[in-house]
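**Student:**
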Amino acid sequence: MSKCSVPEMVEHEMSEHHESQREKGQVWILSKDAGHEWRVLLLKTKPERGSFWQPVTGSIEAGETIQKGALREAIEETGLPPMKNIEALGFDFSFQGKWGAAHETAFYYETYAGCPKATLDPREHTDFQWAKPSAAFELLHYEPNRQALTQLIRKLEKISSKKTNTEWK
116 MSKCSVPEMV
126 EHEMSEHHES
136 QREKGQVWIL
146 SKDAGHEWRV
156 LLLKTKPERG
166 SFWQPVTGSI
176 EAGETIQKGA
186 LREAIEETGL
196 PPMKNIEALG
206 FDFSFQGKWG
216 AAHETAFYYE
226 TYAGCPKATL
236 DPREHTDFQW
246 AKPSAAFELL
256 HYEPNRQALT
266 QLIRKLEKIS
276 SKKTNTEWK
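Position 156 (the sequence shown) corresponds to 271 in this note's numbering; numbering is contiguous.
1. State the Cα-Cα distance for the pair residue 185 and residue 159, rounded to the nearest angstrom.
2. Using a Cβ-Cβ cut-off of 6 angstroms (strictly less than) and excluding sequence neighbours within five positions of residue 268, which residues of its own chain qualify?
3. Is the CB of residue 263 under 8 angstroms away from at least one CB in chain D?
4. In three-state terms, what does DSSP make of residue 234?
5. Using a Cβ distance threshold of 8 angstroms, determine whether the stretch 211-224 contacts the stretch 240-256, with at least three qualifying pairs required.
6. Would residue 172 and residue 136 be called neighbours here (beta carbons separated by less than 8 angstroms)?
7. If you measure between the beta carbons of residue 146 and residue 221, is that distance less than 8 angstroms?
8. Taking the alpha-carbon positions, what's the residue 196 to residue 156 distance?
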């Protein structure tokens with residue numbers, strides 16, 4: 116599988132306003148497997164869209180905040196609700212896509228344990244898999260997805276080290 120980067124990608128601070136760009140959300144859904152190890156959900160796009168693996172992505176509708184739109188897209192595309200709040204990942208980027216300029220903000224949340232079955236919209240995706248974050252990194256098609264996953268891995272490492280530190284106190 117060839118890897119490619121998004122043309123003319125420019126990173127921006129999350130506080131910037133992007134009036135001329137279409138807003139999109141990218142959502143990393145997490146679950147713990149039977150061994151209590153983190154897994155990330157990847158969706159495979161339809162052949163017409165390139166047949167590649169990615170996290171949930173989708174457009175934000177008029178009147179929605181980016182966070183609420185991202186959550187709506189994640190639930191619509193997978194049927195998997197969050198166990199806690201959806202959180203900003205602290206990563207966003209702009210790119211020139213098929214439908215013009217777009218700005219995408221990354222989020223994450225944890226769903227049910229046990230890597231549940233995702234309910235896919237067959238108009239958008241053909242398959243899903245729960246992957247170890249390190250394995251997911253190798254499957255991703257676009258560099259911004261790998262960059263967001265790197266941020267997520269850092270957050271998961273911090274969460275794990277905090278839990279380990281409090282367990283010993």
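C-beta atoms are modelled at their ideal positions from N, C-alpha and C, and glycine is treated no differently. These numbers were taken from a predicted model, which means no experiment stands behind them.
**Tutor:** For this structure:
1. 18 angstroms
2. 248
3. Reference to chain D is not applicable here, since this structure consists of a single protein chain.
4. coil
5. no
6. no
7. no
8. 13 angstroms
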